[in-house]
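Trainee: Which chain is which? The protein sequence lines are A and B, in order.
Residues in the first sequence are numbered from 1 upward in steps of one, following my numbering.
Residues in the second sequence are numbered from 514 upward in steps of one, following my numbering.
A virtual CB, placed ideally from N, CA and C, is assigned to each residue, including glycine.
Given the structure is predicted, the values throughout are model-derived calculations rather than measurements.
Okay, handing you the structure first.
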Amino acid sequence: MLSKLMSFGLTGIDGFLVEIETDLVGGLPHFDLVGLGDTAVKEAKERVKSAIRNSGFEYPLKHYTVNLAPADLKKEGPVYDLGIAVGILSASEQILNRDYKNYIFLGELSLDGRIKKVRGVLPMLISARALGYKNFIIPKENEREASFIENINCYAFNTLKEVVEFLNREINRDDYKVKTVRFEDIALLNTNKLDFENVKGQRMAKRALEIAAAGGHNVLMIGPPGSGKSMLAKCFSGILPNLTFEEALEVTKIHSIAGELDLKQGIITERPFRSPHHTATAVSLTGGGVHSKPGEISLAHNGVLFLDEFPEYSRNLIETLRQPLEDGYITVARAQQTITYPASFTLIASMNPCPCGNYGSKDRECTCSPTQIHRYLSKLSGPIMDRIDIHVEVDNITYRELNDENKEEPTKNIKERVDKARAIQLERFKGSKVFCNAKMSVPQTKKFCKLSPECQKLMETAFTNLKLSARAHDRILKVARTIADLAGSEDIEPQHIAEAISYRGLDRKYFSV
Amino acid sequence: MNRKILMFLSYAELPTKKIERVMEIVEEKNIEEIKPLVDDKEVMNLLSTNEYASLVKKCDDRVFSSYLNNLEKDGIKVVTLEDAEYPDKLRYTDDAPMLLYCKGDLSLLNKDCLSIVGTRMPSNYGRFVTEKFAGALAMAGLVVVSGLAYGVDSISHRKTLEVGGKTIAVLGGGFNHIYPEANTNLANEIAEKGLLVSEYPPFAKPTKYTFPLRNRIIAGLSLGTLITEAGKKSGTIHTKEYALDYGRDVFAVPGNINSLKSELPNSLIRSAQADCVLEPEDILLKYNYNAKKEEKRAVEVNMDEEVIIKLLKDGEKDFDYLAQFSKLPVNILNSCLTTLEIRGLIKRMPSKTFMLN
């Protein structure tokens, strides 16, 4: 007997249809699994065999051939277990209803017949829906992920036995149907743990982060260890605008593929905050690898990528950030395949002013030699610095400041201002692909950052007196535009330019030894 | 004195003392060419095995003359003890170099020079003091001499060039090996607008022994030596020792007694080895120079800016302090500080600290 049913696979974040064909003939007992599967796919035969037997079904001693079509695309992971099991059961006529042909089966089997969660359910459902498939059978554990997708019939099960009963119409179908949840209902539950309210002092850094959030600018924080750089960065995602449903789906997709999704929550409602350590390898950052998974920069998509101790990252690691910072996606080209993952994030980098961290500090002595400092600072290459708009210094706060009774501004208030500035930008860039000031192209910068003669003059004196480098020019214009938006001002005023200039510390070379 | 032979001895990288002795023999025997020089028994006995080996190895007329041509092509001028350009101040010190390789404006050698030396890692205070003195001295017309090292040295050179003054940098190696490499651009600028000096041929690499030696040229070229900030064990001590040996003035700027980086100037002042100077005029008066006052433009400041200036009159302050006591919103404060800085009224230091200029 031959049976055919459907399942799904993934390349990058897009899915493709996989047909599972099971043929069962007499002869010596044997099991062949073809169709370019990896080891996890090949091992399915043992899991399927035990799962079928332990669910109370018969596993006839026959010659099995299972084909995963298309045969030339690589299949990964245990997601086909359930499909193969159902295929065998229908080929051996234990499932009589032909209904199973309408469903897409996703799920891993355990030896006792339970269905276990798999990675990437959400992106597979979304791609399948786009291809016109409506009916799905998925693991119960992945139920939440599926509940945000409308216009599909999705059924979630705990065991193989339930699936068979379902297909044979022995149980009430509606009991297993996944109920749709509205995104808006859970997005409101959004609680950010860290609030700017709890960060004492650091007014300059807070202001810089507010501007960064408002205009989508990348930030470099410079300061000695223990001055609160990481804390500030963690608060930062709280002042970014809320995720829209489309953005949330995109983020969830990526996290689902990486297997990093909180299955109880099912969808990601907060902007992600990723902080890979500086010993991370290039592949872990960009994604790819043998079992292609999105890397840290894609997991930070629509959120924040925080790189602590920026110069400690290896040079080629930092350079790999160039494409995503420019284009918003990363293309991982390997011999076997080329995958593109979205990676549009705000980069927050932090660094010490020197290897020991105390260079320029008011109360601690720096023990580094000038050569060490020079080498440390020169690790930041020009091209990467070109993509960072705001440099801000963070210094240790004093005990007095720490115990200051004055209330600090809570995240909520800052966020309101950011949201307003973003709204202005959305209006401004209507119809173009750009949605924030940081991403303005050169002609757009020319168009939207017109300077009055007064501003021109200020810029000119600033450049000669402060010895700014040429690369600072456009950065200053963009940041000034954001500052003007925050102030609700139509034109860029001199004070906006002046403030923007103060965030170009590293161009100013007062750090040089 | 036979110039060619002298150049050859320097080309063979003999130490100054040995060059002097060999030159005596050359005078005595009237040796004209390098070949007979190398063959000379007395010269051979005088030199150590290594030195003599180097002499023999380099003894190739063709290679040597192409080396001389290259010097000319690179714009390197050689000034020997007998040349008029050789500065008198240096000539009469007891271990004066026999010849100086120079790149730039030779006339600076005989002008009134003052050297500014100190730590390679100055504090904000040291930076401020160095810039203040270098700027004022250079504007008054003194030539600022230093050693192109990190820290105080390069700050003095940079500040001097910035105000349009003249500066001499004395290197611890040849011109092809600028040390630290990071200062290559600065060295090029000095060669263009000031003068680079070295007693070593261009191909010579600096070693840890050559740096203390070049300090004698720094001290020898100058009427006085100013120490702005230096630790107890700083190499600056050498420069000071040479300056005192040569009977030159030593000036020191006092610092905080807690600061490790002001230990040397403070202790020099205590032991009366150095004159305590508090402002550039103290030095200028001594040499009959008039301080050129920068025209204080009447600058208009608005109310917010006045508040900031008032707070800064108390000494350097950091951003959060200013924010707290000026009661200005952060964005206004930030733009005020930048405007004040652009107009040259205040100065920004690392770790978001500000001070009055």
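Where does VAL513/A fall in DSSP's three states?
Mentor: Looking up residue 513/A in the first sequence gives position 513. Confidence is the limiting factor: at VAL513/A the pLDDT is only 47, short of 50, which leaves the residue's position unreliable and the question unanswerable from this model.
Trainee: If the cut is a Cβ gap below 8 Å, which residues of chain A does PRO693/B touch?
Mentor: Residue numbering aside, residue 693/B sits at position 180 when the second sequence is read from its first letter. Correct list: PRO370, THR371, HIS374.
Trainee: Determine the contact status of PHE31/A and LYS45/A, defining contact as a CB-CB distance below 8 Å.
Mentor: The sequence position of residue 31/A within the first sequence is 31, counting from 1. The sequence position of residue 45/A within the first sequence is 45, counting from 1. Yes, the Cβ-Cβ distance between PHE31/A and LYS45/A is below 8 Å.
Trainee: Can you tell me whether DSSP reads TYR176/A as helix, strand or coil?
Mentor: For the purposes of this step, residue 176/A is taken as residue 176 along the first sequence, with counting starting at 1. Three-state DSSP puts TYR176/A in a helix.
Trainee: Using 8 Å as the limit for Cβ to Cβ distance, is VAL513/A near chain B?
Mentor: As a working mapping, residue 513/A is identified with position 513 in the first sequence. In this prediction, VAL513/A scores a pLDDT of 47, lower than 50, which makes its location untrustworthy; the coordinate-derived value is nonetheless stated afterwards. Yes, VAL513/A lies at the interface with chain B (some Cβ there is under 8 Å from its Cβ).
Trainee: With respect to the alpha helix (DSSP H) encompassing ALA248/A, which residues constitute its N-terminal and C-terminal limits?
Mentor: Reading the first sequence from its first residue, position 248 is the one you call residue 248/A. Segment 245-257, the alpha helix (DSSP H) holding ALA248/A.
Trainee: At the level of alpha carbons, what is the spacing between VAL513/A and GLY664/B?
Mentor: Within the first sequence, numbered from 1, the residue matching residue 513/A stands at position 513. Within the second sequence, numbered from 1, the residue matching residue 664/B stands at position 151. Legend: pLDDT at VAL513/A = 47, less than 50; position of this residue unreliable, value from coordinates given subsequently. VAL513/A and GLY664/B: Cα-Cα distance of roughly 6 Å.
Trainee: Below 7 Å CB to CB, which residues in the same chain sit around PHE448/A once its five sequence neighbours on both sides are set aside?
Mentor: The count along the first sequence starts at 1 and reaches residue 448/A at position 448. Hits under 7 Å: ARG428, MET440, ARG481.
Trainee: Would you say LYS517/B faces chain A, with C-beta separation under 8 Å as the test?
Mentor: The residue you call residue 517/B lines up with position 4 of the second sequence. So no, LYS517/B is outside the interface.
Trainee: Which stretch, first to last residue, makes up the beta strand (DSSP E) that contains ASP23/A?
Mentor: Taking the first sequence and counting its residues from 1, the one referred to as residue 23/A is at position 23. Run containing ASP23/A: 14-25, per the beta strand (DSSP E) assignment.
Trainee: Put LEU527/B into one of helix, strand or coil per three-state DSSP.
Mentor: Locating residue 527/B in the second sequence gives position 14, where the first residue counts as 1. Of the three classes helix, strand and coil, the one that applies to LEU527/B here is coil, per DSSP.
Trainee: Can you tell me whether VAL592/B is buried or exposed, with buried defined as 16 or more other CB within 10 angstroms of its CB?
Mentor: Looking up residue 592/B in the second sequence gives position 79. Buried is the call here.
Trainee: Please classify PRO863/B: does DSSP put it in a helix, a strand, or coil?
Mentor: Walking along the second sequence from the start, residue 863/B turns up at place 350. Three-state DSSP puts PRO863/B in coil, outside helix and strand.
Trainee: Determine, using beta-carbon pairs with one atom in the segment 204-215 of chain A and one in the segment 130-146 of chain A, whether at least three such pairs fall under 8 Å.
Mentor: no
Trainee: What first and last residue would you give for the beta strand (DSSP E) that runs through GLU393/A?
Mentor: Numbered from its first residue, the first sequence carries residue 393/A at position 393. Segment 390-393, the beta strand (DSSP E) holding GLU393/A.
Trainee: Please identify the residue among TYR64/A, GLY113/A, LEU232/A, GLN456/A whose C-alpha is closest to the C-alpha of GLN202/A.
Mentor: Taking the first residue of the first sequence as 1, we reach residue 202/A at position 202. It is LEU232/A whose Cα lies nearest to the Cα of GLN202/A.
Trainee: Pull up the DSSP beta-bridge partners for ILE348/A, would you.
Mentor: Your numbering for residue 348/A matches position 348 in the first sequence. Paired residue(s): VAL219/A, PHE306/A.
Trainee: Which residues in the same chain as GLY37/A place their Cβ atom closer than 7 Å to its Cβ, once the five residues preceding and following it in sequence are excluded?
Mentor: Locating residue 37/A in the first sequence gives position 37, where the first residue counts as 1. Counting only Cβ-Cβ distances below 7 Å, and skipping sequence neighbours, we find LEU68, LYS75.
Trainee: Would you mind sorting TYR359/A into buried or exposed? The rule is 16 or more other CB atoms within 10 Å of its CB.
Mentor: Looking up residue 359/A in the first sequence gives position 359. TYR359/A is buried by the Cβ-count criterion.
Trainee: Based on the DSSP secondary-structure assignment, which residues constitute the bridge partners of ALA69/A?
Mentor: As a position in the first sequence, residue 69/A is number 69, starting the count at 1. In DSSP, ALA69/A forms a bridge with GLU19/A.
Trainee: Any contact of the segment 819-832 of chain B with the segment 769-789 of chain B, i.e. 3+ C-beta pairs under 8 Å?
Mentor: no
Trainee: Does the beta carbon of ASN153/A come closer than 8 Å to any beta carbon on chain B?
Mentor: The sequence position of residue 153/A within the first sequence is 153, counting from 1. No, ASN153/A lies away from the interface with chain B (no Cβ there is under 8 Å from its Cβ).
Trainee: Listed in chain order, which residues of the segment 7-25 of chain A have Cβ atoms closer than 9 Å to some Cβ of chain D?
Mentor: Judged by its chain identifiers, the structure shown contains no chain D, and its protein chains are A and B.
Trainee: Only counting the same chain, and skipping five residues up and downstream in sequence, which positions put a Cβ closer than 6 Å to that of THR286/A?
Mentor: Position 286 of the first sequence holds residue 286/A. Taking C-beta separations shorter than 6 Å and ignoring five residues to either side along the sequence, the partners of THR286/A in its chain run GLY295, THR320, ILE330, VAL332, following chain order.
Trainee: Could you pull the DSSP bridge partners for TYR155/A from this structure?
Mentor: Translated into the one-based positions of the first sequence, residue 155/A becomes position 155. Answer by DSSP bridge pairing, in chain order: ILE137/A, LYS177/A.
Trainee: Evaluate contact between the segment 216-229 of chain A and the segment 254-262 of chain A, counting only Cβ atoms and requiring at least three cross-stretch pairs below 8 Å.
Mentor: With the cut-off at 8 Å, the segment 216-229 of chain A and the segment 254-262 of chain A do not touch.
Trainee: Consult DSSP for TYR80/A and reduce its assignment to one of helix, strand or coil.
Mentor: Within the first sequence, the letter at position 80 stands for residue 80/A. In this structure, TYR80/A counts as helix in the three-state DSSP scheme.
Trainee: May I ask you to check if the CB of CYS455/A is nearer than 7 Å to at least one heavy atom of the ligand COA?
Mentor: Within the structure as shown, the ligand COA is missing, as the structure has no ligands at all.
Trainee: By how many angstroms is the C-alpha of HIS496/A removed from the C-alpha of SER659/B?
Mentor: Mapped onto the second sequence, residue 659/B falls at position 146. Mapped onto the first sequence, residue 496/A falls at position 496. Cα to Cα, the separation comes out at about 41 Å.
Trainee: Give the C-beta separation of VAL394/A and LYS229/A to the nearest angstrom, bearing in mind that I take them to be a contact with Cβ-Cβ under 8 Å.
Mentor: In the first sequence, counting from the first residue as 1, residue 394/A sits at position 394. In the first sequence, counting from the first residue as 1, residue 229/A sits at position 229. Indeed they touch by this definition, with Cβ atoms about 5 Å apart.
Trainee: Excluding sequence positions up to five away, which residues of its chain have a Cβ less than 7 Å from the Cβ of ARG761/B?
Mentor: Within the second sequence, residue 761/B is the residue found at index 248, counting from 1. ALA732, SER735, LEU736, GLY737, THR738.
Trainee: Checking 8 Å against the spacing of the C-beta atoms, do CYS341/A and SER298/A come in under that value?
Mentor: As a first step, residue 341/A is located in the first sequence; it is residue number 341 there, counting from the start. As a first step, residue 298/A is located in the first sequence; it is residue number 298 there, counting from the start. Reading off the sequence shown, one finds Tyr at residue 341/A, where the question assumed Cys. Cβ atoms of TYR341/A and SER298/A: closer than 8 Å.
Trainee: Is the Cβ of ASP395/A closer than 8 Å to any Cβ of chain B?
Mentor: Locating residue 395/A in the first sequence gives position 395, where the first residue counts as 1. It does; some Cβ of chain B falls within 8 Å.
Trainee: Let me make sure I understand the geometry here. Which of VAL34/A, MET1/A, LEU24/A, MET124/A has the alpha-carbon closest to that of GLY9/A?
Mentor: As a working mapping, residue 9/A is identified with position 9 in the first sequence. The candidate whose alpha carbon is nearest that of GLY9/A is MET124/A.
Trainee: Helix, strand or coil for GLU108/A, going by three-state DSSP, please let me know.
Mentor: The residue given as residue 108/A occupies position 108 in the first sequence. Reduced to three states, the DSSP call for GLU108/A is strand.
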